[in-house]
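Undergrad: Per UniProt numbering, the sequence shown starts with residue 1, numbered consecutively. Just so it is clear, CB atoms sit at the ideal spot from N, CA and C, and this is done for glycine as well. Got a structure here, written out as structure tokens. Questions coming.
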Amino acid sequence: MSTSIYISLLWITTLNPFILIKRERIMAYCFLIFATPFFVFSPLSLAQPFKAVNLGNWLVTEGWMKPSLYDGMPNNDLLDGTQVQFLSTKLQMYLSSENGGGTVLVANRPSASGWETFRLWRINETYFNFRVFNKQFVGLEDQGDKVTAVSDTVGNSQTFQIIRNNDDRNRVRLQASNGQFIQASSETLVTADYVGSGWEDSDPSVFKMTIVNSLRGEYQLTNGYGPDRAPQVLQDHWNSYITEEDFRFMSENSLNAVRIPVGWWIASDPTPPKPFVGGSLKALDNAFTWAQKYEMKVIVDLHAVQASQNGNDHSATRDGYQEWGEPNIQETVAVIDFLAERYSDKPSLAAIELMNEPMAPGVNLDTLIKYYQGGYDAVRKHSENAYVILSNRLGPADSKELLSFASGLKRVVIDVHYYNLFSDSFNNMNPQQNIDYIYNQRASALTTVTATNGPLSFVGEWTGEWAVQGASMQDYQNFTKAQLDVYGRATFGWAYWAYKCAANHWSLKWMIENNYIKL
């Protein structure tokens, strides 16, 4: 037998994630090729790239995808990261952290913006810390009752109780750690020394609270329920949201892979840092077992990293601040090392994605590349075959910025996410304009990250939802067909977001069952 042909066959099976032929079978095929006189030799061709789906909201929760997860939670509108503003009913002025923080609180702003917005850190259903624009915490001045925002850490003097009026839940009083209430006695004097109990507009301790933004991610869910209830809530969710039956359904409907978002705390399972709870690792183990049974592949996606790479709730941020940077590289590489070591010998492992959606400019390119090199090395320490996926940055970033770096690595993939959403430019497009955008702008964008001799390309997230109002079933079918046509050109494949979702058109399962998409 020709040694060169044998080596070539082994090379194909080693470097191509889509051919499922075992090496043992290669020997048999080679025997047939050379032992059968009239056997017509045909080179092994590549199978189609991955047709995958994201198992979003399973091991990293996103409240909008299953709002009922929060139904049993007290004060579920005041969770970690909720942004609130306080209007003094007496002065008709907003509380403000002067200069954005670092000095006293005042009550002299007739309108509210960043300095007048406070981010909650929830201690329990009624006690909170308030984080200000420059990231300090509101607290009491040492040995006094003046209210300041100067501390970089939280303790008893930075803890406040929000007491809500029974008849108007947005009418509140703020009780400080000294047992007295914050009052705005004048525009420049905010103190915690009020002892009254009224709710009249003339009361200087009464404020109208406005909720301007909120987060609903893993941190909000676990800390909101607290250590007594969160473990059971999450365990019930993991056991029911994705099951073996779902893998059977996916396999029977032309899907050959899953992209599974995980959080950094999985590496500390079963006792991760609070408020996160253990158990997601066992669920991920189950996914690998089910994938192997139904001949599917698994892409493990580090969706949430410690300190947050984008400030979004799906990064499991506490308060929406994006704080991941160079000091976090080592601990994040350690998570990748843990995942690679645990799953490198699993035949279903296709790839490990080092980070989901880092946001520019908060995550700078040099830091990201330094981390990607460390994460790549961690995977390669345990596996030469698993692909390593590098997510492009969101925000103001060049889509080609990783190509040069990635071209020097083996078995790597560039991940891009395409949604005809989240931008005003899509709001007034009709169905045909959206479809044209896919065939033109999206096709062109995908081409720029699809290198002939470089990394593979992967549309790691896309969906059938769009900003069109009143679209028909046929419109949705045409829109998803266009995306399948274009994203099918990605050399590593695509992954729909998501498999299940309370919003129907985001749910691939619903789309398949109701004939809105044909894979």
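Around the Cβ of M473, are there at least 16 other Cβ atoms within 10 angstroms (buried) or fewer (exposed)?
TA: Here residue 473 corresponds to residue number 473 of the sequence shown, with the count starting at 1. Result: exposed.
Undergrad: Taking all protein chains shown into account, decide if P17 is buried (16 or more other Cβ within 10 angstroms of its Cβ) or exposed.
TA: In the sequence shown, residue 17 corresponds to position 17, counting from 1. Bear in mind that a pLDDT of 40 at P17, under 50, signals an unreliable position, so the number given afterwards is only what the model happens to contain. Buried.
Undergrad: Would you mind working out which of G278, E218, Q83 sits nearest S113, comparing C-alpha positions?
TA: One-based indexing of the sequence shown puts residue 113 at position 113. Out of G278, E218, Q83, Q83 has the C-alpha closest to the C-alpha of S113.
Undergrad: Within 10 angstroms of the Cβ of N453, are there 16 or more other Cβ atoms? Answer buried if so, exposed if not.
TA: Reading the sequence shown from its first residue, position 453 is the one you call residue 453. Answer is exposed; the Cβ neighbour count stays below 16.
Undergrad: Could you tell me the alpha carbon to alpha carbon distance between N166 and S268, rounded to whole angstroms?
TA: Position 166 of the sequence shown holds residue 166. Position 268 of the sequence shown holds residue 268. Near 42 Å, if we compare the C-alpha coordinates of S268 and N166.
Undergrad: Any heavy atom of the ligand ADP closer than 6 Å to the Cβ of Q183?
TA: What this structure holds is no ligand at all, so the ligand ADP is not there to describe.
Undergrad: In the DSSP assignment, find the unbroken beta strand (DSSP E) run with Y343 in it and report its ends.
TA: Counting from 1 along the sequence shown, the entry for residue 343 is found at position 343. Run containing Y343: none in the beta strand (DSSP E); it sits in the alpha helix (DSSP H), 329–343.
Undergrad: Could you tell me whether the Cβ atoms of L456 and T491 are closer together than 7 Å?
TA: Counted from its first residue, the sequence shown places residue 456 at position 456. Counted from its first residue, the sequence shown places residue 491 at position 491. Result yes, Cβ atoms of L456 and T491 sit closer than 7 Å.
Undergrad: When burial is assigned at 16 or more other CB atoms within 10 Å of the CB, is N428 buried or exposed?
TA: As a first step, residue 428 must be located in the sequence shown, where it is residue number 428. The residue is exposed, with fewer than 16 neighbouring Cβ atoms inside 10 Å.
Undergrad: So, with DSSP's three-state summary, where would you put S159?
TA: Position 159 of the sequence shown, counted from the first residue, corresponds to residue 159. Residue 159 is actually Thr in this sequence, not Ser. Residue state, collapsed to three classes: coil.
Undergrad: Could you pull out every residue in the same chain whose Cβ sits closer than 7 Å to the Cβ of Q49, ignoring the five residues on either side in sequence?
TA: Locating residue 49 in the sequence shown gives position 49, counting from the first residue. First, the amino acid is wrong: residue 49 is Pro here, not Gln. So the qualifying residues of the chain are F18, A490, T491, F492, G493.
Undergrad: Starting from Y487, follow the alpha helix (DSSP H) in both directions and report where the run begins and ends.
TA: On the sequence shown, residue 487 is found 487 positions in, with the first residue counted as 1. Y487 -> alpha helix (DSSP H) spans 473–487.
Undergrad: Here's the rule I'm using: 16 or more other beta-carbon atoms within 10 Å means buried, otherwise exposed. How should T159 be labelled?
TA: On the sequence shown, residue 159 is found 159 positions in, with the first residue counted as 1. Flag for T159 reads buried.
Undergrad: Can you grab the Cα-Cα spacing for the pair F41 / F458, in whole Å?
TA: Walking along the sequence shown from the start, residue 41 turns up at place 41. Walking along the sequence shown from the start, residue 458 turns up at place 458. Only weak support exists for where F41 lies, its pLDDT of 27 falling under 50; the coordinates are left without a value.
Undergrad: Extract the residue ranges of the beta strand (DSSP E) inside the UniProt domain "DUF7910" (75–212), only unbroken runs of 3 or more that lie entirely within it.
TA: Counting only runs of 3 or more, we get 83–88, 94–97, 105–109, 118–122, 127–131, 137–140, 147–151, 160–164, 171–175, 181–186, 189–194.
Undergrad: Would you check if the region 221–234 and the region 66–86 touch, i.e. whether three or more CB-CB distances between them fall below 8 Å?
TA: As far as the Cβ criterion goes, the region 66–86 touches the region 221–234, which means the pair count is three or higher.
Undergrad: Helix, strand or coil for D71 per DSSP?
TA: Locating residue 71 in the sequence shown gives position 71, where the first residue counts as 1. Correct three-state label for D71: coil.
Undergrad: What's the call for I211, buried or exposed, on a 16-neighbour Cβ count within 10 Å?
TA: Locating residue 211 in the sequence shown gives position 211, where the first residue counts as 1. By the neighbour-count rule (16 or more Cβ atoms within 10 Å), I211 is not buried but exposed.
Undergrad: Measuring CA to CA, which of N99, E218, G179, V147 is closest to L189?
TA: The residue you call residue 189 lines up with position 189 of the sequence shown. Cα-wise, what sits closest to L189 is V147.
Undergrad: CA-CA distance, E465 and Y419?
TA: On the sequence shown, position 465 is the one that residue 465 refers to. On the sequence shown, position 419 is the one that residue 419 refers to. When rounded, the distance between both Cα atoms is 8 Å.
Undergrad: Identify the residues that DSSP records as bridge partners of P261: which are they?
TA: Taking the sequence shown and counting its residues from 1, the one referred to as residue 261 is at position 261. DSSP lists D301 as partners of P261.
Undergrad: Exposed or buried, N130, counting other C-beta atoms within 10 Å across all chains shown (16 or more means buried)?
TA: Counting from one through the sequence shown, the residue named residue 130 turns up at place 130. Before going further, note that residue 130 is Phe rather than Asn in the sequence given. That one is buried.
Undergrad: Kindly list the residues whose CB is nearer than 6 Å to the CB of D193, restricted to its own chain and excluding five residues on each side of it in sequence; keep chain order.
TA: The sequence position of residue 193 within the sequence shown is 193, counting from 1. Closer than 6 Å at the Cβ level, and outside the excluded window around D193, lie D145, Q180.
Undergrad: Determine whether the Cβ of F118 lies closer than 7 Å to any Cβ atom of chain C.
TA: The structure shown contains no chain C, having only a single protein chain.
Undergrad: Buried or exposed: S507, going by 16 or more other Cβ atoms within 10 Å of its Cβ?
TA: The sequence position of residue 507 within the sequence shown is 507, counting from 1. By the 10 Å Cβ count, S507 comes out buried.
Undergrad: Quick check on the DSSP output: the beta strand (DSSP E) that includes S444 runs from which residue to which?
TA: Within the sequence shown, residue 444 is the residue found at index 444, counting from 1. Unbroken run through S444 is the alpha helix (DSSP H), 443–448; no beta strand (DSSP E).
Undergrad: For the region 52–63 against the region 498–515, do three or more pairs of beta-carbon atoms, one drawn from each stretch, fall closer than 8 Å, so that the two count as touching?
TA: They touch, by the three-pair rule.
Undergrad: Nearest to D345 by alpha carbon, out of N385, V449, Q161?
TA: Here residue 345 is taken as the residue at index 345 of the sequence shown, counted from 1. Answer by Cα proximity: N385.
Undergrad: Name the residue from N124, L120, F86 whose alpha carbon lies nearest to the alpha carbon of V106.
TA: Taking the first residue of the sequence shown as 1, we reach residue 106 at position 106. When each option's Cα is compared against that of V106, the closest is F86.
Undergrad: Pull the bridge partners of S457 from the DSSP assignment, please.
TA: Residue numbering aside, residue 457 sits at position 457 when the sequence shown is read from its first letter. Paired residue(s): I414.
Undergrad: Run through the DSSP bridge pairs and tell me what A351 is partnered with.
TA: Taking the first residue of the sequence shown as 1, we reach residue 351 at position 351. In the DSSP output, where bridge partners are listed per residue, A351 has I299, Y387.
Undergrad: Compute the distance between the beta-carbons of G375 and D313, then report whether it is under 7 Å.
TA: As a position in the sequence shown, residue 375 is number 375, starting the count at 1. As a position in the sequence shown, residue 313 is number 313, starting the count at 1. Cβ atoms of G375 and D313: not closer than 7 Å.
Undergrad: Between P358 and D301, how many whole angstroms is the CB-CB distance? I'm expecting something under 8 Å.
TA: Counted from its first residue, the sequence shown places residue 358 at position 358. Counted from its first residue, the sequence shown places residue 301 at position 301. The Cβ separation is near 13 Å, so there is no contact.
Undergrad: Hey, how far is the Cα of L221 from the Cα of W58?
TA: Taking the sequence shown and counting its residues from 1, one reaches residue 221 at position 221. Taking the sequence shown and counting its residues from 1, one reaches residue 58 at position 58. Going by the C-alpha atoms only, they are around 13 Å apart.
Undergrad: Is it buried or exposed for residue 553, if we count other Cβ within 10 angstroms and need 16 for buried?
TA: This structure cannot speak to residue 553, because the chain is shown only from 1 to 519.
Undergrad: How about the region 388–406 and the region 434–450: do they share at least three Cβ pairs that are nearer than 8 Å?
TA: Yes, they touch.
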